[in-house]
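In terms of the working numbering, the sequence shown opens at residue 52 and continues consecutively. Built from N, CA and C at the ideal position, the CB exists for glycine as well. Here the structure comes first, spelled out in structure tokens, and everything after it is commentary.
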Amino acid sequence: MELPKTYNPEQTELPWYPSWEEKGYFKPKNGSGTSYSIVIPPPNVTGSLHMGHALNNTLQDLLIRQNRMAGARTLWVPGTDHGGIATQNVVEKLLRSEKKTRHELGREKFLERMWQWRREAGDTILMQLKRLGASLDWSRTRFTMDEVYSRSVRHAFVSLFDKGLIYRGPRMVNWCPRCHTALADIEVEHEEKAGKLWHIRYPLDKNHFVVVATTRPETMLGDTAVAVNPEDPRYKAYIGKKLRLPLMNREIPIVADTAVDASFGTGAVKVTPAHDPTDFEIGERHKLPQEVVINFVGKMTERAGAYAGMDRFDARKKIVEDLDAQGLLEKVEEYRLSAAVCYRCQTIIEPLISEQWFLKMGDMAARAAQATRDGRVKIFPSSWEKPYLLWLENIRDWCISRQIWWGHRIPVYYCNTEKGRAFASEETPTKCPSCGSTDLKQDEDVLDTWFSSALWPLTVLGWPDETDDLKSFYPTSVLVTGHEILYLWVARMVVMGLEFRNDVPFRHVYIHGIVRDKQGKKMSKSLGNVIDPLGIMKQYGTDALRFSLAESSIPGRDMHLSNDSFLKARNFANKLWNASRFVLMNLDGHTPLAYQRVGEGVQLGLADRWILHALQETIEQVTAALAAYNPAEACRALYEFIWGSLCDWYVEISKVALTGSDAQARSVKQSLLVHLLSQSVALLHPVMPYETEELFQALRPFLQNPVDSLMIHPWPAADKARLDQPAAEKMALVKDVVTAIRTLRSESVIPPGIKINCSLLHLDSRAQEILNDPDVKAFIVSLARLEQLETRSEQKPSEYLFTVFGGGEIYIAAQGVIDKEKEKARLQKNKAQLEQMLARGRASLENKDFLERAPKEEVESRRVTLRETEKKLLSLDRNLEGLA
């Protein structure tokens, strides 16, 4: 099979995915081997593939493919999440364009419209994951509101309800006036905003005031007290006295509470129990009334007096004006505040008291925390373990009810005959289990999306039934996710797994970073810095996208991406393609050999022993890096071996034997190159599946008993018998010398066709020992295009060019090789530039202000640059001396 001259990613990639899927490679193989399983973090049905999805799924696919090749029974389960609030918002927006509302349609008709949208658009992202090469078992695809999933959610809820872990009651919740629903604490995002701090006078009597500072003056209408710290000497005499609430003309007490921070504002804080979580708790302790002055749509209530019916922010402006007019506004300060906003629509949250359903988290969270402390759930990198445990240790009960229609309706029913007696049922009841009445009504709320998502590893494997998948693949091996849902989702899955299966849902949690642009900014449409993965796949190829993402995924760090990242990966793909094409064009007459027989019966040369050694090291490095969830290290090792060692050096070295007349030497090189390429594409396959499969298929005729696909190729195993450290050390010196000579030739513009004489002087003992090997000298002569290489004499040429390498000095005979005067002019020009750099560098390091104010890293960087400049100047002087 002859490869096309130019690598075309799109033509190469498109045929392979349907072929793999058709042959069933994505399904776990039969047998009793080790199980390895991953469940996909289910994207919302509203989603389209973005760079975060591309990263997350590339990393999962990398692990799945590598473990599949290593012989494990691998299962990667796909699916989508119904995305309650987000998805309902999408369809409501469509209705608004039709001048309709969900309330006009009614619940039943609205849900019909939701399901219609789901059928038409809900699988878009799954199709895009196929383009990414994600080798998911599509026969097991789940949706968090399909019937199988809905049954498991009802079962979980009823079980928790019957245990007394789910309860309903009036509590302070985070309320989104835009989405008209309660949100859990971790569904609230905090944005730094420019605000104000208003200092308001609360009259104590005709001549005295207590000044209160607030960022939300509209809530003062609902104040039922002013609180001070009991140890604050400024207010001890006022505790227990009454103040008059401005604008509302009612008396409120001054209470003492340790929750008050005496250093904030004036040390006196307004207490609005119905509109602030801390105030709610103060109100509970002091039995204060709750005045609700803002309603669930963000408007002022009748209890707000003259401001009733106004939008909360319009009311704020009017209240401030009125306070100022009455002389009660002491001052206004600019203030940076952390505003709580809805994680879905970014509307500012309103803390309100609402009747909601809650799940008791105390004991369940303690079990989850213990599972990490005792090593049953390990987090990679471990730096995320502390914040994870801290969150679990300080958790509040989870508000699990939402006031929307799209989602799992809470399976609680009320008996109207028994004055609203509530009971939970997995199936729709026909009568009250207590009195037999048929006058029943189901709760109107739906469950928080994250409640159903918390059951994901259980439900996708068949729970609550005792399925074969559950027995074989639970707990799953690893969860791959971003840190932004560590609490929203990861912790809750652990909680549910321990509750319902008495085991953790996964053994490892691999936390990857966030994809940012090259300036380090998070990608967003508003900033215009979003990189579309589908566009990158079309422009550079899917494999290039995957390699870029994996190579950038350093544990514990966010990644910075730009077109340079993808260009580097595309060039890497081209390099491998071109080297493979050259090898395949030179395999005429090659007889397939088993790996053990490569080089059998002949003495392998230095380069052969070195490249086999380098391959074994690469196998070990890549395997260890993937086991440690360090794809960046795995990609670095692959890049250095494939591009640096194999393509740039060994293939070049092999050209003489491949095109020469020595049949045995040609045969050995062919065998080695086929082996090296087949092992390289196998190692690279999890990262770049498409190109490697194409190359493997081209190599199959030259392999002994090859498998049908790289998908099922055995993962390469390092052969310690092929390790050869002496050969590696000798070849390192060869590369060092040759690279130095090639660089000097290039800088001095010595044409490639001219062979030169070279002397290596002042060699250290190690270099002298290695250069005693005739093979080493022969390689240097050949690769550096030398006429002669002198290593024993210490005599310099009469005219020379100079450079250094790791073991000594290099002198190239310059007479008759270069234009002497032109070269001297070039060197003098470079010297002048370096001297200017040296002067600037020394000046900055002699500047006391710079040394005191600059970061230590910057100072050290300047020192390193200075030392390098000094070395370059010395080398230039030696070259000028040689041409004098």
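| Query | Result |
| --- | --- |
| Within the same chain, show all residues whose beta-carbon is closer than 7 Å to that of Thr-489, passing over the 5 residues directly before and after it, in chain order. | Thr-481, Lys-482 |
| Select from Pro-803, Leu-822, Ile-805, Thr-323 the residue whose C-alpha is nearest the C-alpha of Leu-811. | Leu-822 |
| Alpha carbon to alpha carbon, how far is Ala-172 from Thr-669? | 44 Å |
| Looking only at its own chain, which residues have a Cβ that is under 6 Å from the Cβ of Tyr-289, when we skip the five neighbours before and after it? | Ile-305 |
| Within the chosen definition, does the stretch 592 to 606 reach the stretch 737 to 747 through at least 3 CB pairs nearer than 8 Å? | yes |
| Excluding sequence positions up to five away, which residues of its chain have a Cβ less than 6 Å from the Cβ of Ala-366? | Glu-269, Met-351, Tyr-358 |
| Just grab the DSSP bridge partners of Ala-233 for me. | Trp-226 |
| As an exercise, report each continuous beta strand (DSSP E) stretch of at least 3 residues that is fully enclosed by the stretch 610 to 637, in chain order. | 610 to 612 |
| Can you tell me which of Asp-274, Asp-312, Leu-600, Leu-298 puts its alpha carbon nearest to the alpha carbon of Pro-281? | Asp-312 |
| Starting from the C-beta of Trp-507, find all residues in its chain whose C-beta is less than 7 Å away, skip the five residues before and the five after it, and write them out in chain order. | Val-90, Pro-93, Met-544 |
| Could you tell me the alpha carbon to alpha carbon distance between Lys-619 and Gln-672, rounded to whole angstroms? | 22 Å |
| Among Ala-185, Glu-745, Phe-551, Phe-524, which one has its Cα closest to the Cα of Arg-558? | Phe-524 |
| Go ahead and pull the three-state DSSP assignment for Thr-527. | strand |
| Is it true that the CB of Leu-885 sits closer than 9 Å to the CB of Thr-842? | no |
| Using the C-alpha atoms, what's the distance from Gly-378 back to Arg-164? | 55 Å |
| What beta strand (DSSP E) runs, 3 residues minimum, are completely inside the stretch 63 to 110? | 86 to 90 |
| What does a CB cutoff of less than 8 Å around Gln-879 pick up in its chain, not counting 5 residues either side in sequence? | Leu-931 |
| Please classify Gln-667 as buried or exposed, where buried requires at least 16 other C-beta atoms within 10 Å of its C-beta. | buried |
| What is the rounded straight-line gap between the Cα of Asp-256 and the Cα of Val-209? | 57 Å |
| Flag this pair as touching only if the stretch 134 to 154 and the stretch 178 to 188 have three or more C-beta atom pairs under 8 Å; answer yes or no. | no |
| For Val-707, which of Ala-829, Gly-135, Val-915 has the nearest alpha-carbon? | Ala-829 |
| Shortest alpha-carbon distance to Ala-675 belongs to which of Ala-769, Arg-124, Asn-580? | Ala-769 |
| Can you check whether the CB of Val-529 is closer than 9 Å to the CB of Gln-493? | no |
| Going by the beta-carbon positions, is the gap between Ala-121 and Trp-766 smaller than 9 Å? | yes |
| If you count every other CB in all the chains shown that lies within 10 Å of the CB of Phe-623, and 16 or more means buried, which is it? | buried |
| If we ignore side chains and look at the alpha-carbon of each, how far apart do Tyr-218 and Leu-498 end up? | 13 Å |
| Could you please give me the residues that DSSP links to Ile-399 through a beta bridge? | Val-392 |
| Starting from the Cα of Arg-354, find the closest Cα among Leu-298, Leu-187, Glu-332, Val-392 and give me that residue. | Leu-298 |
| Closer than 6 Å by C-beta to Asn-346: which residues in its own chain qualify, once you throw out the five before and the five after it? Chain order, please. | Thr-352 |
| Exposed or buried, Pro-69, counting other C-beta atoms within 10 Å across all chains shown (16 or more means buried)? | exposed |
| Go ahead and label Pro-340 buried or exposed: buried means 16 or more other beta carbons lie within 10 angstroms of its beta carbon, across all protein chains shown. | exposed |
| Does the separation of the CB atoms of Leu-126 and Asp-583 fall below 9 Å? | no |
| How would you label Ala-935, buried or exposed, when you count the other beta carbons within 10 angstroms and need 16 or more for buried? | exposed |
| Can you list, in chain order, the residues of its chain whose CB lies under 8 Å from that of His-611, leaving out five sequence neighbours each side? | Arg-567, Asp-568, Lys-569, Gln-570, Gly-571, Ser-603 |
| Quick check: the Cα distance between Phe-194 and Glu-495, rounded to an integer number of angstroms? | 22 Å |
| Got a sec? Which residues, its chain only, sit under 6 Å from Asp-327 by beta carbon, not counting five neighbours each side? | Pro-402 |
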